[in-house]
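Under this note's numbering, residues 1 to 470 are what the sequence shown spells out, in order. Think of the CB as a built atom: it goes at the ideal place given N, C-alpha and C, for glycine as much as any other residue. All of these numbers come straight from a predicted model, not from anything done at the bench.
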Amino acid sequence: MNDRIGGKCTQGQALPLGLFFVLGSAALMYFMYNSGRAVDEKLRITNAADSAAYSVAVLEARALNYDAYANRAIVANQVAIAQAISLASWIRYFQSGVDNAEAIADVAAGWIYDPDEYPELARVVAAFGGTAYLDQLSAGAFAAGLNGTVSRLDALLANLVSAHDVVSQALSASQAVLHAALSSGAAQQLLANDIVRHIDPAMSAEIIPASHGFDAFTHAYGREATNGDERGRLAETVLRSRDRFAAERRWSISGPDIWPLQRNVELKRRGGTELINYDEWRAIDTLEHEGQRLRKGNWRWRRTSLAWGAAEADSGDGRPGRASHGGSYDDNLQTTKKYAEPSMVDLNSVGARFSGLPITRDLARPDTSDFASTGVSIRVSKPRTELRLSGGSSSVQPSGRLRQFDTETPGDVMAALSRAEVFFDRPEVRPDGQTEYASLYSPYWQVRLASPSELDRAWAAGRQDGLFLP
C-alpha cells in the first residue's frame, strides 16, 4: 500500500486493525463453540435427570397399583370365604326345615296371614314340604342322600376356605416383599443410575433422601401393631363387598291383628354371615314363627322354631364376639340360642384353615381429600473432565489467554435436578358421580414431572459449592 495524500506517504496502517479483528473473531468463535457445547451437555444432563426421576416414579406408582390390585384380590378371596361359610350354614338350615316340614305346614294353616303374603307362604311350604314328601316316597333314601351331600359339601367348602386363605396370605406376603425391596430406596437408586448411564456412561444419579417419602407414604395394617389391631379398614371393605346372599338372608311374612283370634303374627326368616373380630367368619340362618293368642283374657306369645343352621371358620387367635347375622339374635333369639348355636359346624374340624384377615398395605395417612401424592427428586451430574467442552474431554484444549474463555463448573461437575410425583387420579368419573378418594384399594396411581422443592435445591446446592441449581 503506497498512497500519497497531502504530499505524505502512508504504509501498513490497516494491518493492526485486521489482526485485531482476526483475533476477536477467533475468540468469539471459540466462545460460541464452548457455549454451544455447554448448552448441549446441560440439555443432555437435564433430560437424563427427567428420565431418571420419571422412571423411578413409574416404578413406585406400579408398586402402589400392585398394592391396590393385591388388596382387591384379598377382599375378593375373603368374600369367597364368606360365601362358603354361608352355603355351609344354609344347607343345614334347609336340612332342618325339611325335618320340620310338618311344623311349618301347621303354622301356615293355623294362623291367618295378609292376603298378598300367601303366594310367598305357599313357596316356603312347598320347598320344605315337597322335599319331605319326596323323602317319604323314597322310604328315607332322599334324606340319606341329602345327609351324604351335606357331608361331602362340608369337605368341599373346607377346601375352598383353605385355598382362598392361602391366596390371601400369599398376596399379603407379596406386598411385604415388594415394600421391603423399595423401602430403603436402593432399588430406586439402582434404576436411576441405570437410566442415566444408558444415556451417558459418564453420568451418575443421586436420589435426594430428604424429599423421598415413599417408605413413609404407606403403612402395613395388621394385628400386632402399636395402636392395637389395625385391620378395621380391610374388614369394613370386605363386609361392604359381600353379595346379598352372604350379607343378609332375611324376609318376613306377617298376618293381620284379629281380635280375639290373633295379633303380632309373623313368620321370620333371619340370617347372615359376619366377620367376628377380624379372625372368624360365622354364618347363622333361622326360621321362626311367632304370634299372640288370647288365653284367659291375656295375650300370650307362641313361638315355634322351624329351621336353623350355623357354620364358622375360626383362626383360633381372635376374641369372642357376636354380630347381628341378619337379625337372628334380635328377632329369632329362641331359635338362635336353643338350636342354631349348639348345632354350629366348625369347618376347621373337616379340614378348613382360616388365618384371619391378613396384613395389608394402605396409605399411612388416609386423607378425605382426593389429592394425595408422593415423589422422588434426583440429581444427575457429570464430571467436568468428561464434558465435551474445551478443557474437558474435547480434543480442543485452550492455551494461553484463551483459558480466560474456558468453561468453569462449580464443584468440577455439571449437574441438573428433577422431580417426579406419584399422584392419585381416577381417569374417568365414577358412574354414580361420587368422588373417589385416594387409597390403596384403587389402582389409579399415575406419574407426572414436578418442580423440585426448595429443600431439594438446598440439598443439591450443598453438593455443588453452594450453587442453587435451576
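Member of the options whose CA lies at the smallest distance from the CA of residue i
i	options	result
arginine 303	Ile284, Asn332 and Tyr278	Asn332
arginine 365	Ala139, Glu341 and Asp215	Asp215
arginine 379	Glu386, Ala143, Gly433 and Arg463	Arg463
alanine 100	Leu306, Arg231 and Tyr441	Note on residue identity: the sequence assigns asparagine, not alanine, to residue 100. The residue with the shortest Cα to Cα distance from asparagine 100 is Leu306.
glutamate 290	Ile85, Ala70 and Tyr113	Tyr113
alanine 70	Gln95, Val167, Ser162 and Pro119	Val167
serine 254	Asn77, Arg282 and Val107	Val107
alanine 340	Glu224, Pro431 and Ser89	Ser89
arginine 72	Ala235, Gly321, Val413 and Ile258	Ala235
serine 328	Tyr444, Glu41, Ala76 and Arg250	Arg250
alanine 416	Glu436, Ala438, Asp456 and Glu428	Asp456
leucine 156	Leu182, Ser442 and Ala352	Ala352
arginine 319	Tyr278, Val58, Pro427 and Ala139	Tyr278
serine 146	Leu137, Ala122, Thr131 and Ala158	Strictly speaking, residue 146 in this sequence is leucine, with serine absent from that position. Residue Thr131 is the option with its Cα nearest to leucine 146.
glutamate 41	Ala460, Lys382 and Ser442	Lys382
tryptophan 301	Leu261, Tyr54, Thr336 and Arg240	Leu261
phenylalanine 128	Gln95, Glu120 and Gly213	Gln95
alanine 76	Gly185, Arg240 and Phe371	Arg240
glycine 140	Glu120, Val98, Pro119 and Ala180	Val98
alanine 438	Asn65, Leu43, Ala53 and Ile45	Asn65
phenylalanine 371	Pro431, Glu436, Leu387 and Asp317	Glu436
phenylalanine 245	Gly271, Arg44, Gly297 and Gly185	Gly271
aspartate 257	Leu294, Asp229, Arg231 and Ala283	Leu294
alanine 202	Arg44, Trp459, Val345 and Asn227	Arg44
tryptophan 299	Tyr441, Asn159, Trp259 and Leu87	Trp259
aspartate 50	Ala458, Trp459, Pro452 and Ala461	Pro452
Unbroken alpha helix (DSSP H) run spanning residue i, endpoints
i	result
isoleucine 199	186-199
leucine 455	454-462
alanine 235	232-241
arginine 244	244-247
serine 328	328-331
Test item: CB-CB of residue i and residue j under 9 Å
i	j	result
aspartate 194	isoleucine 81	no
glutamine 188	isoleucine 208	no
valine 56	valine 350	no
arginine 152	serine 343	no
tryptophan 62	serine 211	It is worth fixing the name first, because residue 62 is arginine in this sequence and not tryptophan. Not in contact: arginine 62 and serine 211 (Cβ atoms no closer than 9 Å).
leucine 347	phenylalanine 354	yes
threonine 218	aspartate 67	yes
aspartate 200	alanine 450	no
arginine 223	glycine 356	yes
serine 162	proline 358	no
alanine 313	isoleucine 85	yes
threonine 273	tryptophan 308	no
aspartate 285	alanine 310	yes
valine 429	valine 58	no
valine 196	alanine 52	yes
Contact belief for residue i with residue j at Cβ below 8 Å, rounded distance in angstroms
i	j	result
threonine 360	tyrosine 133	No, threonine 360 and tyrosine 133 are not in contact; Cβ-Cβ is about 50 Å, not under 8 Å.
serine 252	glutamate 280	Rounded, the Cβ-Cβ distance is 28 Å, inconsistent with contact.
lysine 268	glutamate 248	That belief does not hold up - the Cβ atoms of lysine 268 and glutamate 248 are roughly 13 Å apart, past 8 Å.
leucine 191	glutamate 60	Contact flag wrong, Cβ pair sits at about 10 Å.
glycine 104	valine 124	With the sequence shown as reference, residue 104 is identified as isoleucine, and glycine is not the correct amino acid for it. Sure, about 7 Å apart at Cβ, within 8 Å.
alanine 126	aspartate 135	The pair is not a contact, with the Cβ atoms about 14 Å apart (cut-off 8 Å).
isoleucine 276	alanine 205	With 8 Å as the limit, isoleucine 276 and alanine 205 do not qualify as a contact, their Cβ atoms being about 51 Å apart.
valine 413	arginine 384	6 Å
valine 265	tryptophan 445	With a Cβ gap of about 56 Å, valine 265 and tryptophan 445 do not count as contacting.
aspartate 243	glutamine 83	7 Å
Distance cut-off 8 Å: residue i Cβ against heavy atoms of the ligand FMN
i	result
alanine 364	Inclusion of the ligand FMN in the displayed structure is not the case, the ligand content being empty and no account of it being possible.
Cross-strand partners of residue i (DSSP beta bridge)
i	result
glutamine 169	Glutamine 169 pairs with nothing; no bridge assigned.
serine 305	Glu288
tyrosine 221	Thr360
aspartate 114	Bridge partners of aspartate 114: none, in fact.
glycine 375	Glu421
glutamate 280	Ile276 and Asp314
glycine 271	Asp285
aspartate 50	DSSP lists no partner for aspartate 50.
isoleucine 207	Ile378
valine 265	Answer is none; valine 265 lacks a bridge partner.
tryptophan 90	DSSP output for tryptophan 90 lists no bridge partner at all.
proline 383	Val413
isoleucine 258	Gln262
asparagine 298	Arg295
aspartate 346	Glu312
Where the beta strand (DSSP E) through residue i begins and ends
i	result
glycine 477	In the structure as shown, the chain begins at 1 and stops at 470. Residue 477 is therefore absent and cannot be evaluated.
serine 254	251-254
alanine 340	Alanine 340 -> no beta strand (DSSP E), and no H or E assigned at all.
alanine 449	The sequence shown places leucine at residue 449, not alanine. 445-450 is the span of the beta strand (DSSP E), which, as asked, contains leucine 449.
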